[in-house]
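With the UniProt record's numbering, letter number 598 in the sequence shown gets 598, and the count goes up by one each step, no holes.
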Amino acid sequence: MLPDAPALVAPAPGRAALLTPDGELFTPRPAELPGLLREFGPPILVHAPAVAKRLNLPGLPGAWDLLELFAFCLPAQPAPPTPRGLALALDMTPPEDAESAAALLPEIATELLRRLARARSAPLNKDAGALAARMAQAADWAWTPSVLAALGLPSARPSQDALKVWRALPEWEEEAPPPPPASHAVTPTEARSRLAEILGDGAEQRPSQADFASAASLAFTPRETPGEPRLVLAEAGTGTGKTLGYVAPASLWAERNGAPVWIATYTRNLQRQLDQELARLYPDPEDRRKRVVIRKGRENYLCLLNYDEAVTGAMPARLVALGLVARWALATRDGDLLGGDFPGWLAELFPAGAISLLADRRGECIHSACPHWKRCYVEHSIRRAAGAHLVVANHALVMVQAALGGGEDGPALRYVFDEGHHLFDAADGAFSAELSGAEMAELRRWLLGNEGGRGRARGLRRRLEDMLAEHPALVPPLELIEHAARALPSPGWWDRWAALPEEDAERAEDREELPEDPRGPALPAAPGIPRPRPFRDSVPAEDFLRAVRAQVLARTAEGDPLYDAECDLHPLLEDMTPAAVALEVALERLRDPLKHLASLLTTLLEDPDQELETGTRIRLETASRSIERRALMPLAAWLSMLRRLHEEPAEPGQRPTYVDWLALTRREGRDIDAGLHRHWLDPTMPFATQVAAPAHGVLIASATLRDAARKDPESAWREAEARTGVQHLPAPAVRAALPSPFDYAANTRAFIVDDMNRDSPGQVAAAMQQLFLAAGGGGLGLFTAIRRLRDVHARIAPALAEAGLPLYAQHVDAMDSATLVDIFRAEEDSCLLGTDALRDGVDVPGRALRLLVFDRVPWPRPSILHRERRIHLSGGRPGLYDDAIARHRLRQAFGRLIRRADDRGVFVLLDPRTPSRLLAGLPEGVAPQRLGLADAVRETTAFLAGR
Numbered sequence: 001m002l003p004d005a006p007a008l009v010a011p012a013p014g015r016a017a018l019l020t021p022d023g024e025l026f027t028p029r030p031a032e033l034p035g036l037l038r039e040f041g042p043p044i045l046v047h048a049p050a051v052a053k054r055l056n057l058p059g060l061p062g063a064w065d066l067l068e069l070f071a072f073c074l075p076a077q078p079a080p081p082t083p084r085g086l087a088l089a090l091d092m093t094p095p096e097d098a099e100s101a102a103a104l105l106p107e108i109a110t111e112l113l114r115r116l117a118r119a120r121s122a123p124l125n126k127d128a129g130a131l132a133a134r135m136a137q138a139a140d141w142a143w144t145p146s147v148l149a150a151l152g153l154p155s156a157r158p159s160q161d162a163l164k165v166w167r168a169l170p171e172w173e174e175e176a177p178p179p180p181p182a183s184h185a186v187t188p189t190e191a192r193s194r195l196a197e198i199l200g201d202g203a204e205q206r207p208s209q210a211d212f213a214s215a216a217s218l219a220f221t222p223r224e225t226p227g228e229p230r231l232v233l234a235e236a237g238t239g240t241g242k243t244l245g246y247v248a249p250a251s252l253w254a255e256r257n258g259a260p261v262w263i264a265t266y267t268r269n270l271q272r273q274l275d276q277e278l279a280r281l282y283p284d285p286e287d288r289r290k291r292v293v294i295r296k297g298r299e300n301y302l303c304l305l306n307y308d309e310a311v312t313g314a315m316p317a318r319l320v321a322l323g324l325v326a327r328w329a330l331a332t333r334d335g336d337l338l339g340g341d342f343p344g345w346l347a348e349l350f351p352a353g354a355i356s357l358l359a360d361r362r363g364e365c366i367h368s369a370c371p372h373w374k375r376c377y378v379e380h381s382i383r384r385a386a387g388a389h390l391v392v393a394n395h396a397l398v399m400v401q402a403a404l405g406g407g408e409d410g411p412a413l414r415y416v417f418d419e420g421h422h423l424f425d426a427a428d429g430a431f432s433a434e435l436s437g438a439e440m441a442e443l444r445r446w447l448l449g450n451e452g453g454r455g456r457a458r459g460l461r462r463r464l465e466d467m468l469a470e471h472p473a474l475v476p477p478l479e480l481i482e483h484a485a486r487a488l489p490s491p492g493w494w495d496r497w498a499a500l501p502e503e504d505a506e507r508a509e510d511r512e513e514l515p516e517d518p519r520g521p522a523l524p525a526a527p528g529i530p531r532p533r534p535f536r537d538s539v540p541a542e543d544f545l546r547a548v549r550a551q552v553l554a555r556t557a558e559g560d561p562l563y564d565a566e567c568d569l570h571p572l573l574e575d576m577t578p579a580a581v582a583l584e585v586a587l588e589r590l591r592d593p594l595k596h597l598a599s600l601l602t603t604l605l606e607d608p609d610q611e612l613e614t615g616t617r618i619r620l621e622t623a624s625r626s627i628e629r630r631a632l633m634p635l636a637a638w639l640s641m642l643r644r645l646h647e648e649p650a651e652p653g654q655r656p657t658y659v660d661w662l663a664l665t666r667r668e669g670r671d672i673d674a675g676l677h678r679h680w681l682d683p684t685m686p687f688a689t690q691v692a693a694p695a696h697g698v699l700i701a702s703a704t705l706r707d708a709a710r711k712d713p714e715s716a717w718r719e720a721e722a723r724t725g726v727q728h729l730p731a732p733a734v735r736a737a738l739p740s741p742f743d744y745a746a747n748t749r750a751f752i753v754d755d756m757n758r759d760s761p762g763q764v765a766a767a768m769q770q771l772f773l774a775a776g777g778g779g780l781g782l783f784t785a786i787r788r789l790r791d792v793h794a795r796i797a798p799a800l801a802e803a804g805l806p807l808y809a810q811h812v813d814a815m816d817s818a819t820l821v822d823i824f825r826a827e828e829d830s831c832l833l834g835t836d837a838l839r840d841g842v843d844v845p846g847r848a849l850r851l852l853v854f855d856r857v858p859w860p861r862p863s864i865l866h867r868e869r870r871i872h873l874s875g876g877r878p879g880l881y882d883d884a885i886a887r888h889r890l891r892q893a894f895g896r897l898i899r900r901a902d903d904r905g906v907f908v909l910l911d912p913r914t915p916s917r918l919l920a921g922l923p924e925g926v927a928p929q930r931l932g933l934a935d936a937v938r939e940t941t942a943f944l945a946g947r
């Protein structure tokens with residue numbers, strides 16, 4: 001069943017091991033490898049794009065990628081995408097070096113095919129042979145002969161129907177509305193008892209975990225006054241076991257009262273970890289699927305309509321990707337493409353968009369008008385969530401749904417916010433607004449559709465087309481909307497938006513044509529404001545973008561063109577005012593017919609003389625709700641922001657409600673967008689009023705709620721309440737603090753290297769290389785800038801490879817951060833370089849993470865928004881505001897080192913300028929030492945060796 005092919009591994013950039021079918025082993029230089037591949041043929045390997053990038057090859061056409069075979073044979077099952085990772089996933093002995101890894105690849109292929117053969121009669125494999133044959137017919141999929149042999153099929157007829165997996169998916173059915181929840185409390189004693197049940201007999205006794213469960217239960221008592229939820233603010237040190245600590249009272253409350261508890265985390269990766277932890281509570285997978293539901297935004301799930309259309313019109317080269325998605329779609333638990341049981345590395349094997357565009361990334365869902373609506377993964381999850389005990393969401397979804405008035409799932413009565421120290425940042429993103437080229441162009445695309453381009457962008461007319469003939473009153477406002485929407489950036493705006501108006505006029509004259517004015521009739525002049533200068537192909541939104549760009553360039557220093565730029569609103573450049581007025585008028589012209597159309601749709605729904613079919617009624621309601629959320633809500637925010645430009649600027653020192661500024665977005669030295677941005681000065685205010693206040697109980701938990709450097713406990717708690725929005729609620733919170741059970745003084749060391757220049761890339765790279773080698777791998781390097789990360793990677797990768805230590809890096813390897821973390825966890829002696837995304841929420845217990853190195857102090861990025869917050873939210877001591885942020889980041893990173901009682905780890909800062917006051921935030925008992933690099937290397941080696 002195996003191909004007669006060589007096996008290829010690339011343990012590091014420029015290094016390879018090639019094992020021929022005859023057992024001959026080569027360790028060729030990159031220049032020699034193409035010749036060997038021509039001689040022996042396409043190789044068996046793991047993750048072809050990553051291997052090609054590491055060996056600086058243009059590609060590896062025809063390669064036998066074991067990840068593709070794994071995804072076909074064992075769909076919806078996790079595995080780190082390396083030879084060692086696959087071996088661990090298959091319960092095989094992992095390889096010790098590149099040569100043994102190359103020898104193992106054929107054995108991995110054999111084991112996968114054996115497992116497929118054993119399951120050939122399973123329902124999942126009913127059409128597997130026809131699907132594999134179709135993948136070979138369309139795209140010459142290399143593994144088809146092996147797959148057919150494993151299935152016991154000498155041949156199979158290719159079938160396009162094998163790709164139509166929606167036919168095999170279950171349909172959901174409407175159920176009666178659930179009864180109102182009861183109001184039974186959960187006492188501290190009952191929470192402790194439930195925790196003991198979850199842990200089982202013989203579990204490690206952690207008194208602090210039981211104390212945490214007892215404190216958390218207070219959030220599950222009946223509230224006494226509307227708008228005053230039962231609040232608990234709990235800090236549980238790493239190792240307390242806070243997850244099961246709050247799951248105990250939450251699950252008990254849900255069972256007793258007949259309503260779900262929503263548990264929110266900060267990232268999708270943490271959602272996955274929490275779901276895995278809940279196996280302790282619900283060991284049976286089917287029971288867990290019923291009781292626990294993962295909820296994310298629609299953009300995370302496989303859209304069956306997108307998939308259907310992709311299958312129907314797919315180019316042959318995409319059929320392999322679609323075939324592997326088909327296998328997963330039949331086996332997945334909930335259809336989650338991002339962070340669920342879909343292998344993150346699968347999308348990396350194919351061209352950009354081949355898989356990601358199968359999700360509803362642009363809000364094109366047509367709900368009940370979709371032929372797959374009754375089988376839709378999202379609709380299934382929404383309905384399952386209503387009857388679940390625990391709904392695991394993320395902060396962003398909870399807050400966005402609150403901002404939209406409750407969202408698809410409706411309001412929740414009880415919330416648990418894990419990783420509560422991130423509430424400020426999550427609310428900052430959820431309750432902000434952005435008037436940019438990308439946002440306006442997206443609204444135009446949603447209203448007008450694709451405008452001649454490729455893709456499935458239906459536009460408002462196509463969403464309503466089934467109703468227009470029966471209800472002609474909808475047509476006039478729709479036509480006005482389509483006309484007014486042409487004032488938004490048109491397709492291709494990013495290629496011309498930076499041009500000056502005069503240049504556009506000259507180009508129009510050169511073409512000797514007079515394009516239609518997309519703004520409609522001439523704009524009236526506002527009192528005291530000059531009329532905008534008209535020119536032939538002027539688009540108000542694009543004029544505004546040009547004016548924003550001009551002001552940002554005028555008001556900022558000649559900085560690095562690779563980085564974004566920003567400036568204050570006031571004083572406005574001369575061209576900003578007329579451009580803003582023109583855009584404001586244009587947006588009002590768009591808003592008014594949209595309001596009228598939404599009103600007509602509502603009238604139809606409420607008209608007793610209209611005999612509407614159920615499907616028509618649902619489509620009308622969906623269209624009305626979509627217009628409100630996708631168009632009217634952003635338009636209201638944009639108009640409010642534009643009117644702010646006409647107001648007098650605030651006096652220096654005056655506390656604003658919002659912070660507005662202009663920004664220019666750059667990528668690789670090119671200006672790609674500009675816009676007007678608005679954030680709440682304190683985003684926990686809308687969080688408190690729109691999310692927390694309507695609930696009956698809220699638990700906010702984290703390992704790092706308070707600033708450990710605060711000597712006064714009361715001031716530390718007040719700061720935690722300010723960062724979580726508790727201070728904006730009328731009732732006080734119950735405070736609880738449980739220390740970590742870990743012995744940080746014995747199990748960790750913290751060093752600040754004080755004899756190097758942190759601004760020298762060569763010195764930073766040399767230091768990181770020596771420390772990684774001293775630890776023997778297991779090192780995580782954290783950077784505050786992507787450019788420095790890439791530079792250090794290029795400098796140290798060869799030396800680490802020579803020592804047998806694989807080095808992976810964000811923004812370098814052809815993998816996303818979740819895939820890299822999975823590899824880092826599996827490859828105990830590998831090293832990983834990353835940025836902020838790897839600082840929080842990465843759970844890598846054991847030896848795989850034993851050294852953490854920061855390239856410099858992670859100060860907050862200087863920006864206009866940060867400037868205003870440090871002025872107005874610091875209590876008059878802006879320096880302390882910056883210190884607190886940096887301390888929290890260092891403390892969170894330090895928490896990655898010790899995840900179990902027997903873990904040992906070293907924390908190193910390569911920044912001699914590190915103020916000692918920042919180190920007060922490290923766990924109690926940790927005494928940072930300032931050392932030269934040579935001493936830090938020796939100490940690291942000795943400590944990790946147990947000496």
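The beta-carbon is built from N, C-alpha and C at its ideal position, and this holds for glycine as well.
Residue i: buried (16+ other C-beta within 10 angstroms of its C-beta) or exposed?
| i | result |
| --- | --- |
| L74 | buried |
| P524 | Caution applies to P524, whose pLDDT of 38 falls short of 50 and renders its modelled position unreliable; the value that the coordinates give is listed next. It is exposed - the Cβ of P524 has fewer than 16 other Cβ atoms within 10 Å. |
| P306 | For clarity, residue 306 is Asn in the given sequence; the question names Pro instead. Buried is the call here. |
| Y563 | exposed |
| A5 | buried |
| G528 | Low confidence applies here, because G528 scores a pLDDT of 41, under 50, leaving its location unreliable and the question unanswered by this model. |
| N56 | exposed |
| P13 | buried |
| E714 | exposed |
| A150 | buried |
| K242 | buried |
If we call anything under 8 Å between Cβ atoms a contact, is residue i one with residue j?
| i | j | result |
| --- | --- | --- |
| P11 | A98 | yes |
| G344 | A818 | yes |
| G680 | F424 | The amino acid occupying residue 680 in the given sequence is Trp; Gly does not appear at that position. No, the pair does not count as a contact, with Cβ atoms beyond the cut-off. |
| L771 | V853 | yes |
| L807 | D829 | no |
| R758 | D911 | yes |
| A248 | R194 | yes |
| A775 | D418 | no |
| A139 | L319 | yes |
Per the DSSP calculation, residue i is bridged to which residue(s)?
| i | result |
| --- | --- |
| H679 | V659 |
| W262 | V391, Y415 |
| E235 | S702, A737 |
| Y744 | Answer by DSSP bridge pairing: none, since Y744 is not bridged. |
| Y301 | D336 |
| G779 | C831, L851 |
| Y808 | L832 |
| G697 | R230, R414 |
| W166 | Answer by DSSP bridge pairing: none, since W166 is not bridged. |
| L12 | First, the residue type needs correcting, since residue 12 is Ala and not Leu in the sequence shown. R15. |
| G905 | T748 |
Hey, residue i and residue j are a contact pair by Cβ (cut 8 Å); roughly how many whole angstroms apart?
| i | j | result |
| --- | --- | --- |
| E721 | A733 | 7 Å |
| E584 | L639 | 6 Å |
Can you find a CB in chain C that lies within less than 8 Å of the CB of residue i?
| i | result |
| --- | --- |
| R861 | The structure shown has no chain C; it contains just one protein chain. |
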